[in-house]
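Q: Residue numbers for the sequence shown follow the numbering used here, beginning at -6 and rising by one. Note that CB positions come from ideal geometry on N, CA and C, so glycine has one too.
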Amino acid sequence: MKVFLTGPSGFVGTEVARLLLLQGHSVVGLARSEARAEGLRKSGIEPVLGELCHFDVLARAAATADAVIHTAFFHTGDYEEGSKLACTAVRAITEALTGSGKPFIMSSGTDILGDTGLAPVSEEFPVDPHHSTRPTSRVLCEREALVAAGKGVRAMVLRLPPYVWGNGDGFCPLLHIQAAHKLGRAYYILPGTQKTCGVHVEDLARLYLLALEKGTAGSIYHATASSDYTAREVGEAVGANAGVPAEGISQEDAHRRSIWPDWAIDLFALNNAASSAKAQKDLGWTNLKTGMLQDIAANSQAELVCPSWERHRMSRSLRGLAQTASRALISTQHASGHQQQRFAGDLPYKANKYVESWGTNREHIELTYKFDRDNLWIIAKWVVAFPTLLPHAEAQTSASV
Ligand SMILES: NC(=O)c1ccc[n+]([C@@H]2O[C@H](COP(=O)([O-])OP(=O)(O)OC[C@H]3O[C@@H](n4cnc5c(N)ncnc54)[C@H](OP(=O)(O)O)[C@@H]3O)[C@@H](O)[C@H]2O)c1
-6 MKVFLTGPSG FVGTEVARLL LLQGHSVVGL ARSEARAEGL RKSGIEPVLG ELCHFDVLAR
54 AAATADAVIH TAFFHTGDYE EGSKLACTAV RAITEALTGS GKPFIMSSGT DILGDTGLAP
114 VSEEFPVDPH HSTRPTSRVL CEREALVAAG KGVRAMVLRL PPYVWGNGDG FCPLLHIQAA
174 HKLGRAYYIL PGTQKTCGVH VEDLARLYLL ALEKGTAGSI YHATASSDYT AREVGEAVGA
234 NAGVPAEGIS QEDAHRRSIW PDWAIDLFAL NNAASSAKAQ KDLGWTNLKT GMLQDIAANS
294 QAELVCPSWE RHRMSRSLRG LAQTASRALI STQHASGHQQ QRFAGDLPYK ANKYVESWGT
354 NREHIELTYK FDRDNLWIIA KWVVAFPTLL PHAEAQTSAS V
């Protein structure tokens, strides 16, 4: 099957793409820069250049694929804005698929459930888009996707839990860990007994593929492996990782001190417990990993293998040097054994020193390129002291050309 995947360079999308390829599918991935496109090619993914706001690109790629999986999300800092853009992108994709019977899988979140109470709720739990504790645009985006199920699209929604973890990565685990390092405390919102849910990214990727294979039109599936973690337990695991004490804080004080983004404070103040019984029964999604707390607590070391250097034939010009540097692969090896590789990206060819902050919200690496006519030095330095990386903060390589 030829699958059009948005967000193939993201945490979730990378794993989904890896599994799709492993199972013999071909993947066309949305890339918003040539550097990303180059990285995708290296992984066996055919890139299509474009952004979520390029509706014609999305529509064309969807129409020429056998299935679409949507994992991209534009993090502007304003969650509502990002969800609004996602909503129009979903409309463009599903309109292009109308009447085709092709599968379309949209990524949503259990955050739209708002306060669930302690017991895990099913997909039938009512969701009011205008309730103050819910992200309105994300709810409307889900509805946009499901409308397509009535128009001849096998449209489905996967609701991801706040804690997607694994491979030394995951947005919320790293959000907590970074904050704990900065504040010297691993905070959790009081009373600390509120429940939250999580899933390992590899199990999550398996669910996308199961839904692709046998999910039914109009279905919502909760993608949770466990809803049994309390806010306090998460705080304690984060504290163990960061080597700082865990401490409860009121929701008001958390906002006043801006310990995390507002949406995260409000989400972690609630019970967010969602049952995946439906996905397990209907799709055969089993053998789920639940050791999130141990993983967060233990995953405090990883090895820096950065940067690796690829020699290329090139002209003895600064331009040639900069172009070669753009193709340099930067590798990070996490404690779990997971290895991430990314390209340095497009560099200007202005000598003599260029500093770029490279990465995403998970990897903050400052790369300094220094070059003269004969040598190029790449110095990698962690801007944010991620606990998932070894303490040695600097690596240097040089090459004569
Ligand atoms: N991870 C979680 O814990 C979690 C929890 C609940 C829900 N979700 C949802 O699951 C989905 C995937 O999450 P994730 O953690 O994989 O996100 P992520 O790691 O931040 O990846 C986002 C992906 O979207 C791409 N992207 C961002 N803005 C774009 C734009 N304007 N046009 C085209 N592509 C764009 C990024 O490309 P670049 O590589 O170029 O930046 C990247 O490939 C999102 O919808 C997220 O809200 C995630």
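Quick test of your reading: V192 and V157, contact by CB under 8 Å. State the CB separation rounded to the nearest angstrom.
A: About 6 Å; that satisfies the 8 Å criterion.
Q: G75 lies in the alpha helix (DSSP H); which residues open and close that run?
A: From DSSP, the alpha helix (DSSP H) with G75 extends over 72 to 90.
Q: Compute the minimum distance between the beta carbon of G241 and the heavy atoms of ligand 1, and state whether it is under 8 Å.
A: It does not: the Cβ of G241 is nowhere closer than 8 Å to a heavy atom of ligand 1.
Q: Could you compute how far the alpha carbon of L33 sits from the alpha carbon of P1?
A: Answer to the nearest angstrom: the Cα atoms are 8 Å apart.
Q: Using C-beta distances below 7 Å, list every residue in its chain close to S212, excluding the 5 sequence neighbours before and after it, in chain order.
A: Within the same chain, S212 has close Cβ partners M149.
Q: T57: buried (16+ other C-beta within 10 angstroms of its C-beta) or exposed?
A: So T57 counts as exposed.
Q: Going straight from the alpha carbon of L183 to that of D49, what length do you get?
A: Taking the straight line from one Cα to the other gives about 47 Å.
Q: Just to check, is the beta-carbon of E27 closer than 8 Å to a non-hydrogen atom of ligand 1?
A: No, Cβ of E27 sits at least 8 Å from all heavy atoms of ligand 1.
Q: Let me know if R249 comes out buried or exposed under the rule of 16 or more other beta-carbons within 10 Å of its beta-carbon.
A: That one is exposed.
Q: Quick one: Cα of A179 to Cα of T186, how far?
A: Straight-line Cα distance between these residues: approximately 16 Å.
Q: Quick check: does the Cβ of H215 come within less than 8 Å of any heavy atom belonging to ligand 1?
A: Checking every heavy atom of ligand 1 against the Cβ of H215, none is found closer than 8 Å.
Q: Is it buried or exposed for G3, if we count other Cβ within 10 angstroms and need 16 for buried?
A: The residue is buried, with at least 16 neighbouring Cβ atoms inside 10 Å.
Q: Return the Cβ separation of D59 and V(-4) in integer angstroms, given the expectation that the two are a contact with Cβ distance under 8 Å.
A: Contact flag correct, Cβ pair sits at about 7 Å.
Q: Across the region 74 to 85 and the region 109 to 122, are there enough close Cβ pairs to call them in contact, namely three or more that are closer than 8 Å?
A: Output reads no: the region 109 to 122 does not touch the region 74 to 85.
Q: Let's see if you can read the secondary structure: which residues bound the alpha helix (DSSP H) around S130?
A: S130 -> alpha helix (DSSP H) spans 129 to 140.
Q: Using three-state DSSP, classify M149 as helix, strand or coil.
A: Correct three-state label for M149: strand.
Q: Please tell me whether V21 and A54 are closer than 9 Å, where the distance is taken between their beta carbons.
A: Yes, these two residues count as a Cβ contact at 9 Å.
Q: Keeping to the same chain, check which residues put their C-beta closer than 6 Å to that of G163; ignore five residues upstream and five downstream.
A: These residues qualify, in order along the chain: V157.
Q: Is the beta carbon of A173 closer than 9 Å to that of N234?
A: Their beta carbons are under 9 Å apart, which means N234 touches A173 by this criterion.
Q: Does the beta-carbon distance from P96 to G17 come in below 9 Å?
A: Their beta carbons are not under 9 Å apart, which means P96 does not touch G17 by this criterion.
Q: Applying the 10 Å Cβ sphere with the 16-neighbour rule, what's the burial state of T279?
A: The residue in question, T279, is exposed, as its Cβ has fewer than 16 Cβ neighbours within 10 Å.
Q: Indicate, with yes or no, if ligand 2 has a heavy atom lying under 8 Å from the CB of V(-4).
A: Absent from the structure shown: ligand 2. Ligands present: ligand 1.
Q: With DSSP run on the structure shown, which of helix, strand or coil describes V194?
A: The answer is helix: DSSP assigns V194 an H, G or I state.
Q: In the DSSP assignment, find the unbroken beta strand (DSSP E) run with F(-3) in it and report its ends.
A: Looking at the DSSP string, the run of the beta strand (DSSP E) that includes F(-3) is -5 to -1.
Q: Could you check what DSSP says for G6 in three-state terms: helix, strand or coil?
A: DSSP places G6 in helix when its eight states are reduced to three.
Q: For T189 versus S269, is the C-beta spacing smaller than 9 Å?
A: Contact flag unset, no.
Q: Three-state secondary structure (DSSP) at D259?
A: Here D259 sits in helix by DSSP.
Q: Starting from E245, trace the alpha helix (DSSP H) both ways and give me its first and last residue.
A: Where E245 is concerned, the enclosing alpha helix (DSSP H) stretches over 244 to 249.
Q: Whole angstroms are fine: how far does the CA of G110 sit from the CA of E296?
A: Annotation note: pLDDT 33 at E296 (below 50); position unreliable, no value reported.
Q: Distance, Cα to Cα, I86 vs E27?
A: Their backbone Cα atoms lie some 22 Å apart in a straight line.
Q: Which first and last residues belong to the alpha helix (DSSP H) in which D49 is found?
A: Here the alpha helix (DSSP H) through D49 covers 48 to 56.
Q: Which residue from A230, E245, L205 puts its Cα closest to that of P238?
A: With distances taken between Cα atoms, P238 lies closest to A230.
Q: Distance, Cα to Cα, T91 vs M99?
A: Approximately 15 Å between the Cα atoms of the pair.
Q: By DSSP, does T103 sit in helix, in strand, or in coil?
A: Helix.
Q: CB-CB under 8 Å to E39, same chain, minus the five flanking residues each way: which ones, in chain order?
A: Correct list, in chain order: S19, V20, V21, G22, L33.
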